[in-house]
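Student: If you're matching them up, the sequences are chains A and B in order. Per the working numbering, residue 1 is the first one in the first sequence, and the count goes up by one each step. Per the working numbering, residue 172 is the first one in the second sequence, and the count goes up by one each step. Got a structure for you, questions after.
Number of protein chains: 2
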Amino acid sequence: MKLDTYSQSTPEVAETNTINTAKTATTEQSGKDFFVQNTCKDKKDSEGHGVCPLRELLSRLGDKWSVLLILTLARMPGERARFSELKRSLPDISQRMLTATLRNLERDGLISREMFAEVPPRVEYQLTELGVSILNPMREIVTWIEGNWTTIITSRETFDKKNPKEENGLQ
Amino acid sequence: MKLDTYSQSTPEVAETNTINTAKTATTEQSGKDFFVQNTCKDKKDSEGHGVCPLRELLSRLGDKWSVLLILTLARMPGERARFSELKRSLPDISQRMLTATLRNLERDGLISREMFAEVPPRVEYQLTELGVSILNPMREIVTWIEGNWTTIITSRETFDKKNPKEENGLQ
DNA sequence: CTGAATCCTTAGTGATACTG
DNA sequence: CAGTATCACTAAGGATTCAG
């Protein structure tokens, strides 16, 4: 027997509540909506493309090494370096992940790859124009993080203190 | 029997190669290095903090819903909305993920949570000052993605055409 | 040197059902 | 309404080994 205590809406607070539900939808161009709004599925279409650009690109930038790799490459002379240099600059990255990340970034056109048919193989990676163009927005995020990191840490500590659950975070 | 064909460095191309290895390290403040450089481990210290702020925050922004949620909240009047409104705005998110993402963002201090002890429970979430402050850098990334999305798609297509492997991407 | 191939572990995510 | 709890699945990531 389900008590109806928590039905759709109680008499006194019908439909629209304290906070207005504000159909502000029309105030935004529906172009933006494509990126943020409802229709944003992660399913791939017939071509194999993701259908949510924002989410897909974001998750690329959010993956473990892409940003670090781009920033590392940006610090190299000519925004250019070879495989082993990158490996040295990011000691914690596994060879497998370095290869894979480079490959994905190349696929997206952010870096270019040049292979030299020498006896000890040499491969050089370089930020493309597209890759360079993302540096500024990227650096703004980095700057923001640098500037607010301690604030965030503090926030976490007080939060964890007030919520002394076993384990925090996802799951 | 290992042939020594690929030893450290071949005679004619010793140590420093075509591309100079440029110890440009000194040209960068070592503060930056903390974020990008070698010492960047993902291990947690005794307190449970990640030791690589950049990576950690980036992966938060890169997770499936954080950015979408922040942007959605930013579009609400007063950068404020209740749980069910957010759920409606992001129909594809599961309740579990909405709860978890909101919780993480609250923990980081990007959003605040206010609970009302009413009979049908009401909880309102709002971007904090910190949360609002990340909107601009975030929007720059979004803008960049919007502006370069088709370029990236094109790049991927040509790449996949030239590399007709079974499946691309990681793994 | 620069990868590719395998194997394996686990974190992220979704579906579903239950609760105050 | 706003969550929690469980379970199950997948994909991301690491370690290691093999190869041109």
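C-beta: ideal position from N, C-alpha, C; glycine also.
Any residues in the stretch 304-317 of chain B with a beta carbon nearer than 8 Å to a beta carbon of chain A? Which ones, in chain order?
Tutor: Listed in sequence order: SER304, ILE305, ASN307, PRO308, MET309, GLU311, ILE312, VAL313, THR314, TRP315, ILE316 and GLU317.
Student: Quick check on GLU285 of chain B - is its C-beta less than 8 Å from some C-beta in chain A?
Tutor: Residue mapping note: residue 285 of chain B aligns to position 114 of the second sequence, counting from 1. Chain A, which has no Cβ nearer than 8 Å to the Cβ of GLU285 of chain B, makes this no.
Student: Mind checking which residues open and close the beta strand (DSSP E) that includes LEU239 of chain B?
Tutor: Residue 239 of chain B sits at position 68 when you count from the first residue of the second sequence. No beta strand (DSSP E) holds LEU239 of chain B; the alpha helix (DSSP H) holding it covers 237-246.
Student: Could you tell me the alpha carbon to alpha carbon distance between ILE241 of chain B and ALA117 of chain A, rounded to whole angstroms?
Tutor: Translated into the one-based positions of the second sequence, residue 241 of chain B becomes position 70. Translated into the one-based positions of the first sequence, residue 117 of chain A becomes position 117. Rounded to the nearest angstrom, the two C-alpha atoms are 48 Å apart.
Student: By Cβ distance, which residues of its chain are closer than 6 Å to GLU114 of chain A, with the 5 residues on each side in sequence left out?
Tutor: The residue you call residue 114 of chain A lines up with position 114 of the first sequence. Around GLU114 of chain A: GLU124.
Student: Using 8 Å as the limit for Cβ to Cβ distance, is GLY131 of chain A near chain B?
Tutor: As a first step, residue 131 of chain A is located in the first sequence; it is residue number 131 there, counting from the start. So no, GLY131 of chain A is outside the interface.
Student: Taking the straight line between their C-alpha atoms, what separation do you get for GLU140 of chain A and VAL290 of chain B?
Tutor: Walking along the first sequence from the start, residue 140 of chain A turns up at place 140. Walking along the second sequence from the start, residue 290 of chain B turns up at place 119. Answer to the nearest angstrom: the Cα atoms are 44 Å apart.
Student: Out of curiosity, what's the CA-to-CA distance linking ARG122 of chain A and LEU98 of chain A?
Tutor: Counting from 1 along the first sequence, the entry for residue 122 of chain A is found at position 122. Counting from 1 along the first sequence, the entry for residue 98 of chain A is found at position 98. Each residue's Cα considered, the two are about 15 Å apart.
Student: For a cutoff of 8 Å on Cβ pairs, would you count PHE83 of chain A as touching chain B?
Tutor: In the first sequence, the residue the question calls residue 83 of chain A occupies position 83. With 8 Å as the cut-off, PHE83 of chain A does not count as an interface residue toward chain B.
Student: Give me the residue from A:LEU73, A:LEU61 and A:CYS52 with the minimum Cα distance to PRO137 of chain A.
Tutor: Position 137 of the first sequence, counting from 1, holds the residue named residue 137 of chain A. Answer by Cα proximity: A:LEU61.
Student: Could you have a look at ALA169 of chain B and say whether DSSP puts it in helix, strand or coil?
Tutor: Residue 169 of chain B lies beyond the range of chain B shown here (172 to 342); nothing can be said about it.
Student: Name, please, each residue of chain A whose Cβ falls closer than 8 Å to the Cβ of THR270 of chain B.
Tutor: As a first step, residue 270 of chain B must be located in the second sequence, where it is residue number 99. Under the 8 Å cutoff, chain A gives no residues; its nearest Cβ is about 10 Å from THR270 of chain B.
Student: Could you tell me the alpha carbon to alpha carbon distance between LYS64 of chain A and PRO77 of chain A, rounded to whole angstroms?
Tutor: Reading the first sequence from its first residue, position 64 is the one you call residue 64 of chain A. Reading the first sequence from its first residue, position 77 is the one you call residue 77 of chain A. Cα-Cα distance, rounded: 24 Å.
Student: Listed in chain order, which residues of the stretch 320-337 of chain B have Cβ atoms closer than 7 Å to some Cβ of chain A?
Tutor: Residues passing the 7 Å Cβ filter: TRP320, THR322, ILE323, ILE324, SER326, ARG327 and PHE330.
Student: Measuring straight from C-alpha to C-alpha, what distance separates GLN95 of chain A and SER133 of chain A?
Tutor: Counted from its first residue, the first sequence places residue 95 of chain A at position 95. Counted from its first residue, the first sequence places residue 133 of chain A at position 133. Their Cα atoms are separated by approximately 27 Å.
Student: Alpha carbon to alpha carbon, what distance is there between ASP279 of chain B and SER155 of chain A?
Tutor: Residue mapping note: residue 155 of chain A aligns to position 155 of the first sequence, counting from 1. Residue mapping note: residue 279 of chain B aligns to position 108 of the second sequence, counting from 1. Answer to the nearest angstrom: the Cα atoms are 6 Å apart.
Student: Identify which residue in B:THR329, B:ASN334, B:ASN319 and B:LEU229 has its Cα closest to the Cα of LEU276 of chain B.
Tutor: The sequence position of residue 276 of chain B within the second sequence is 105, counting from 1. If we check each option's Cα against that of LEU276 of chain B, B:LEU229 comes out closest.
Student: Mapping the DSSP letters down to three states, classify ILE145 of chain A as helix, strand or coil.
Tutor: Stepping through the first sequence from its first residue, residue 145 of chain A is reached at position 145. In this structure, ILE145 of chain A counts as helix in the three-state DSSP scheme.
Student: Scan the stretch 66-80 of chain A for residues whose Cβ lies nearer than 8 Å to a Cβ of chain B and list them as they occur along the chain.
Tutor: Cβ contacts with chain B come from VAL67, LEU68, LEU71, THR72, ARG75, MET76, PRO77, GLY78 and ARG80.
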